[in-house]
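First to last, the sequence lines map onto chains U and Z.
Here our numbering runs 312 ahead of the position in the first sequence, where the first position is 1.
Here our numbering runs 586 ahead of the position in the second sequence, where the first position is 1.
For every residue, glycine included, the Cβ atom is placed at its ideal position computed from N, Cα and C.
Have a look at the structure below before the remarks.
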Amino acid sequence: MSAPTLTFTSDQALQVRNRIGSVWRIIFLLATCIGIISLLALLYNIVDRSFGLVAYEYKVDPATLADRPLDQLSKEELVAVLQANISKGAFGKLEKDKPMADRSYDDIYGLVFERVVGQKVVATWPLTDSLLRRSEIEAELTEDEPQAVLQFRSWLSADFVTRPMASQAEFAGVRTAILGSLWLITITITIALPIGVGAAVYLQEYASDNPINRLIQTNINNLAGVPSIVYGMLGLAIFVRAWEPLTSGALFGVTDSNGRTILAAGLTMALLILPLIIINAQEAIKAVPDSLRQAAYGLGATKWQTVWSHVLPNAIPGILTGSILAISRAIGETAPLIVVGASTFITVNPDGPFSKFTALPIQIYTWTSRPQDEFRNIAAAAILVLLIMLLSLNSIAIILRNRFTRRL
Amino acid sequence: MNGNGKIAIETKNLDIFYSAFKAISNVSLQVEKQKITAIIGPSGCGKSTMLRAFNRMNDFVPGARAEGEILMHGKNIYAPDVDPVEVRRRIGMVFQKPNPFPKTIYDNIAWGARINGFKGNMDELVERSLKSAALWEEVKDKLKQSGLSLSGGQQQRLCIARAIAVQPEIILMDEPCSALDPIATLKIEELMQELKKDYTIVIVTHNMQQAARVSDYTAMMMLAEDGSRAGTVIEFDVTNTLFTRPKDKRTEDYVTGRFG
Numbered sequence: 313m314s315a316p317t318l319t320f321t322s323d324q325a326l327q328v329r330n331r332i333g334s335v336w337r338i339i340f341l342l343a344t345c346i347g348i349i350s351l352l353a354l355l356y357n358i359v360d361r362s363f364g365l366v367a368y369e370y371k372v373d374p375a376t377l378a379d380r381p382l383d384q385l386s387k388e389e390l391v392a393v394l395q396a397n398i399s400k401g402a403f404g405k406l407e408k409d410k411p412m413a414d415r416s417y418d419d420i421y422g423l424v425f426e427r428v429v430g431q432k433v434v435a436t437w438p439l440t441d442s443l444l445r446r447s448e449i450e451a452e453l454t455e456d457e458p459q460a461v462l463q464f465r466s467w468l469s470a471d472f473v474t475r476p477m478a479s480q481a482e483f484a485g486v487r488t489a490i491l492g493s494l495w496l497i498t499i500t501i502t503i504a505l506p507i508g509v510g511a512a513v514y515l516q517e518y519a520s521d522n523p524i525n526r527l528i529q530t531n532i533n534n535l536a537g538v539p540s541i542v543y544g545m546l547g548l549a550i551f552v553r554a555w556e557p558l559t560s561g562a563l564f565g566v567t568d569s570n571g572r573t574i575l576a577a578g579l580t581m582a583l584l585i586l587p588l589i590i591i592n593a594q595e596a597i598k599a600v601p602d603s604l605r606q607a608a609y610g611l612g613a614t615k616w617q618t619v620w621s622h623v624l625p626n627a628i629p630g631i632l633t634g635s636i637l638a639i640s641r642a643i644g645e646t647a648p649l650i651v652v653g654a655s656t657f658i659t660v661n662p663d664g665p666f667s668k669f670t671a672l673p674i675q676i677y678t679w680t681s682r683p684q685d686e687f688r689n690i691a692a693a694a695i696l697v698l699l700i701m702l703l704s705l706n707s708i709a710i711i712l713r714n715r716f717t718r719r720l
Numbered sequence: 587m588n589g590n591g592k593i594a595i596e597t598k599n600l601d602i603f604y605s606a607f608k609a610i611s612n613v614s615l616q617v618e619k620q621k622i623t624a625i626i627g628p629s630g631c632g633k634s635t636m637l638r639a640f641n642r643m644n645d646f647v648p649g650a651r652a653e654g655e656i657l658m659h660g661k662n663i664y665a666p667d668v669d670p671v672e673v674r675r676r677i678g679m680v681f682q683k684p685n686p687f688p689k690t691i692y693d694n695i696a697w698g699a700r701i702n703g704f705k706g707n708m709d710e711l712v713e714r715s716l717k718s719a720a721l722w723e724e725v726k727d728k729l730k731q732s733g734l735s736l737s738g739g740q741q742q743r744l745c746i747a748r749a750i751a752v753q754p755e756i757i758l759m760d761e762p763c764s765a766l767d768p769i770a771t772l773k774i775e776e777l778m779q780e781l782k783k784d785y786t787i788v789i790v791t792h793n794m795q796q797a798a799r800v801s802d803y804t805a806m807m808m809l810a811e812d813g814s815r816a817g818t819v820i821e822f823d824v825t826n827t828l829f830t831r832p833k834d835k836r837t838e839d840y841v842t843g844r845f846g
């Protein structure tokens, strides 16, 4: 009698298993590559639009306005140029809007270009074309628009970040939008984080497992998936309309505004990210080992002492990870802001929770829907600003998280 | 065994249920002051449930409830007017796996005292507790280091020091050496002999040699034979008697290794 044959792996079977393994590895690699390629394509698209050649046309050649190039003139000389070249009535009107003495140098420089020189963008080219086909572009331009001046322009610049909104793309900036977004995110986080973490602590540590609590839990999970425009409608109905006395600041003596304020938008956004924060905080709290709770209770700690001294400190890294996701979501949301009535053309800084506001995604949305080419350039530049802002806010949260993790 | 002055805690006709399931059935046990009482028995017979009933740690299990009485100073700790937090302050616990807080060694000791409203000299209390747990010499120069940086045996002694710091009357130990090597185990056992001068200790162990070595009294637990799957104490006696002249056949089978 021979022993029972125990052929676990013939060489051939092993080869087949290895081959199946390699096939799957390649599939996973491809999936990763597709993701990376999409991301690179997105970045390329934005960067390509943010820098490039611009052809300007002038009504009046700026070189003829003064004995020196315009950018070397002092503020007073620029005012003189402005006064000499526009009608008395127009100058008087500008003076009435804001006295020349109070205006900044940049403001007056812009006015000279807008009113006197009459600078107009004829055409813009993306970065790749500008670098690779410069001679062709120049030839094309001398043929079509012999008057135009070709210039390389970085649409993303210090001016772009510090200037307020303007009707012409080349003078427009995102200062008011950045400040609006910062106000918005501050209000959103200050409202949503404490409420969200509080709810998570309650659901995880205090609530007993009964049908009502299970129903609440299920609904929170579902709320995280509700389209943002629905939150916008809710915000419009409740915060903008029903709570108008509060959100317009009328209760606090603010008279010149309606409910379409930063506060109303911040409350709406807080509502939007609340389920996200609750769910993430719950996961973080769940991950705190039970042995720590037992140890604390064993020493005669109350539930609150246990939660405050052990559960929350150990859950903070996880909670912060959740808030990173929530911040990213809130800062990029456009739909609910449109519904609650963000303004699109704001030239003054938002000065508090009761002011009208605009936000970066709103600016980007408005600019991309304009037909002129140059607005697409500033939209791309604004997207870069938004991305930079998002990354810096997230890195703050990541730094905080790492600090708390190391302390353990 | 008699005389109320010598009894630290006692159970009377104690039944413990997890929802509909009866885990402990009709246990009456007297734990003497400043002695070590061991609870032994095969796996799943309810040793840990029994131990956790003493400081109401079972309260955290949904559906758990106790019937009968556990008396401490003549007062039922399951009475409605008793706050389980106060019970746990007076009856400390050391767990199977060392579970120091992810804090400094100092804070591990100080936290329990602080939350219980300790007003005295904290440095002194930390030093005294660590000395009582025979850990002071090893950690006195690194009190600001994390409690998790210690070895397993040191962590377990830190947990004992932490329990001592809130000055309990009774210390419950739930298989405190099962995650430790023999040398660390020996240190804990020596420590227990020191501790019983001041504290009453109840220890659950599945190591019969350990029970025989360290304890003064031993309770033998076993599943009840009525088919209910509930654990009960089948024999309770002075350790030496229980191991050498057991009255119950099942105890004899178990301690001589014929079963379990």
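Can you pull the chain Z neighbours of A599 of chain U, defined as C-beta to C-beta under 7 Å? Counted from its first residue, the first sequence places residue 599 of chain U at position 287. Neighbours of A599 of chain U on chain Z: none; closest Cβ ~13 Å, over 7 Å.
Alpha carbon to alpha carbon, how far is E655 of chain Z from P666 of chain Z? Give it in angstroms, no decimals. Along the second sequence, read from residue 1 onward, the residue named residue 666 of chain Z stands at position 80. Along the second sequence, read from residue 1 onward, the residue named residue 655 of chain Z stands at position 69. Roughly 12 Å separates the two Cα atoms.
Write down the C-beta distance between L771 of chain U and L365 of chain U rounded to the nearest angstrom, noting that I regard them as a contact closer than 8 Å. Outside the shown range of chain U (313 to 720) lies residue 771 of chain U, about which nothing can therefore be said.
From Q395 of chain U to G401 of chain U, what does the alpha carbon distance come to, in whole angstroms? Along the first sequence, read from residue 1 onward, the residue named residue 395 of chain U stands at position 83. Along the first sequence, read from residue 1 onward, the residue named residue 401 of chain U stands at position 89. Rounded to whole angstroms, Q395 of chain U to G401 of chain U spans 10 Å at the Cα level.
What does W697 of chain Z touch in chain U if you count any residue whose Cβ is under 7 Å from its own? Your numbering for residue 697 of chain Z matches position 111 in the second sequence. Per Cβ cutoff of 7 Å: S621.
Considering only residues of the same chain and omitting the five flanking positions on each side of V473 of chain U, which have a CB-CB separation below 8 Å? In the first sequence, residue 473 of chain U corresponds to position 161, counting from 1. So the qualifying residues of the chain are G485, V486, R487, I490, V697.
Go ahead and label Q384 of chain U buried or exposed: buried means 16 or more other beta carbons lie within 10 angstroms of its beta carbon, across all protein chains shown. For the purposes of this step, residue 384 of chain U is taken as residue 72 along the first sequence, with counting starting at 1. With fewer than 16 other Cβ atoms within 10 Å, it is exposed.
Cutoff 6 Å; reference V600 of chain U; Cβ partners in own chain excluding five residues on either side: By 1-based counting over the first sequence, the position of residue 600 of chain U is 288. Same-chain partners within the cutoff: V623, N626, A627.
Specify whether the segment 713-728 of chain Z and the segment 744-752 of chain Z touch according to this definition: at least 3 beta carbon pairs, one from each stretch, less than 8 Å apart. yes
Should I789 of chain Z and A624 of chain Z be called a contact, given that it needs their Cβ atoms to be closer than 8 Å? Position 203 of the second sequence holds residue 789 of chain Z. Position 38 of the second sequence holds residue 624 of chain Z. Closer than 8 Å, so yes.
Beta carbon proximity, M808 of chain Z to chain U, threshold 8 Å: Start at 1 with the first residue of the second sequence, and residue 808 of chain Z comes out as number 222. Against chain U, the CB of M808 of chain Z has no partner CB under 8 Å away; the residue lies outside that interface.
Taking Cβ-Cβ distances shorter than 9 Å, what residues in chain C pair up with E672 of chain Z? Chain labels in this structure do not include chain C; the protein chains are U and Z.
Please tell me whether T498 of chain U and E686 of chain U are closer than 8 Å, where the distance is taken between their beta carbons. As a working mapping, residue 498 of chain U is identified with position 186 in the first sequence. As a working mapping, residue 686 of chain U is identified with position 374 in the first sequence. Contact flag unset, no.
According to the neighbour-count rule (16 or more other Cβ atoms, all chains shown, within 10 Å of its Cβ), is P438 of chain U buried or exposed? Locating residue 438 of chain U in the first sequence gives position 126, where the first residue counts as 1. Buried: at least 16 other Cβ atoms inside 10 Å.
Taking contact to mean 3 or more Cβ pairs, one atom from each stretch, closer than 8 Å, check whether the segment 537-546 of chain U and the segment 631-640 of chain U are in contact. no
Under 7 Å by beta carbon: chain Z residues contacting N525 of chain U: The sequence position of residue 525 of chain U within the first sequence is 213, counting from 1. None at all; the shortest Cβ gap to chain Z is about 12 Å.
Counting C-beta neighbours from all protein chains within 10 Å, is the total for T573 of chain U 16 or more, i.e. buried, or is it exposed? The residue labelled residue 573 of chain U in the question sits at position 261 within the first sequence. Buried: at least 16 other Cβ atoms inside 10 Å.
Hey, L377 of chain U and I420 of chain U: beta-carbon distance below 8 Å or not? Taking the first sequence and counting its residues from 1, one reaches residue 377 of chain U at position 65. Taking the first sequence and counting its residues from 1, one reaches residue 420 of chain U at position 108. Cβ distance not < 8 Å, so L377 of chain U and I420 of chain U don't count as in contact.
Tell me, please, whether the CB atom of M643 of chain Z is closer than 8 Å to any CB atom in chain U? Taking the first residue of the second sequence as position 1, residue 643 of chain Z is located at position 57. Yes, contact with chain U.
Taking the beta carbon of G508 of chain U as the centre, do at least 16 other beta carbons fall within 10 Å, making it buried, or is it exposed? The residue you call residue 508 of chain U lines up with position 196 of the first sequence. Label assigned to G508 of chain U: buried.
For V328 of chain U, does the count of other Cβ atoms within 10 angstroms reach 16, so buried, or fall short, so exposed? In the first sequence, counting from the first residue as 1, residue 328 of chain U sits at position 16. By the 10 Å Cβ count, V328 of chain U comes out exposed.
Minimum C-alpha distance to H792 of chain Z - residue among Z:E811, Z:P684, Z:I626, Z:R642: For the purposes of this step, residue 792 of chain Z is taken as the residue at position 206 of the second sequence. Distance check between H792 of chain Z and each of Z:E811, Z:P684, Z:I626, Z:R642 places Z:I626 closest, using alpha-carbon atoms only.
So is R743 of chain Z in contact with chain U if we call contact Cβ pairs under 8 Å? Here residue 743 of chain Z refers to the residue found at position 157 when the second sequence is read from its first residue. No, no contact with chain U.
Using CA coordinates, which residue listed in Z:Q741, Z:M643, Z:A699, Z:R676 is at the minimum distance from A594 of chain Z? Looking up residue 594 of chain Z in the second sequence gives position 8. Closest by alpha carbon: Z:R676.
Are G738 of chain Z and A699 of chain Z closer than 8 Å when you measure CB to CB? Residue mapping note: residue 738 of chain Z aligns to position 152 of the second sequence, counting from 1. Residue mapping note: residue 699 of chain Z aligns to position 113 of the second sequence, counting from 1. In this structure, A699 of chain Z does not lie closer than 8 Å to G738 of chain Z by Cβ.
Closer than 9 Å at the beta carbon, the chain U residues around K705 of chain Z: Position 119 of the second sequence, counted from the first residue, corresponds to residue 705 of chain Z. The premise fails here: K705 of chain Z is roughly 16 Å from chain U at the closest Cβ pair, so nothing lies under 9 Å.
Test: V712 of chain Z CB closer than 8 Å to a CB of chain U: Position 126 of the second sequence, counting from 1, holds the residue named residue 712 of chain Z. With 8 Å as the cut-off, V712 of chain Z does not count as an interface residue toward chain U.
Look at the Cβ atom of E596 of chain Z, then the Cβ atom of Q616 of chain Z, and state whether they are nearer than 8 Å. Locating residue 596 of chain Z in the second sequence gives position 10, where the first residue counts as 1. Locating residue 616 of chain Z in the second sequence gives position 30, where the first residue counts as 1. Yes, these two residues count as a Cβ contact at 8 Å.
Measure the CB-CB distance between S362 of chain U and A693 of chain U and report whether it falls below 8 Å. The sequence position of residue 362 of chain U within the first sequence is 50, counting from 1. The sequence position of residue 693 of chain U within the first sequence is 381, counting from 1. Closer than 8 Å, so yes.
Buried or exposed: which applies to D568 of chain U, given that a residue is buried once 16 or more other Cβ atoms fall within 10 Å of its Cβ? In the first sequence, the residue the question calls residue 568 of chain U occupies position 256. Flag for D568 of chain U reads exposed.
Cβ of R675 of chain Z within 8 Å of any chain U Cβ: Position 89 of the second sequence, counted from the start, is the residue given in the question as residue 675 of chain Z. Closer than 8 Å: yes.
Would you report the Cα separation of V841 of chain Z and M794 of chain Z, rounded to the nearest angstrom? What you label residue 841 of chain Z is simply residue 255 of the second sequence in a count that begins at 1. What you label residue 794 of chain Z is simply residue 208 of the second sequence in a count that begins at 1. Spanning the two alpha carbons is a distance of roughly 7 Å.
For T502 of chain U, the first and last residue of its enclosing alpha helix (DSSP H): By one-based count along the first sequence, residue 502 of chain U stands at place 190. For T502 of chain U, the enclosing alpha helix (DSSP H) begins and ends at 487-513.
Under 8 Å, do A650 of chain Z and G817 of chain Z count as touching if we go by C-beta distance? As a working note, residue 650 of chain Z is residue 64 in the second sequence. As a working note, residue 817 of chain Z is residue 231 in the second sequence. Taking 8 Å as the Cβ cut-off, A650 of chain Z and G817 of chain Z do not qualify as a contacting pair.
Among U:K408, U:D418, U:S442, the one whose alpha carbon lies nearest that of L382 of chain U: As a first step, residue 382 of chain U is located in the first sequence; it is residue number 70 there, counting from the start. The option with the nearest alpha carbon to L382 of chain U is U:D418.
Starting from L637 of chain Z and walking both ways along the alpha helix (DSSP H), at which residues does that stretch end? Along the second sequence, one-based indexing puts residue 637 of chain Z at 51. Looking at the DSSP string, the run of the alpha helix (DSSP H) that includes L637 of chain Z is 633-640.
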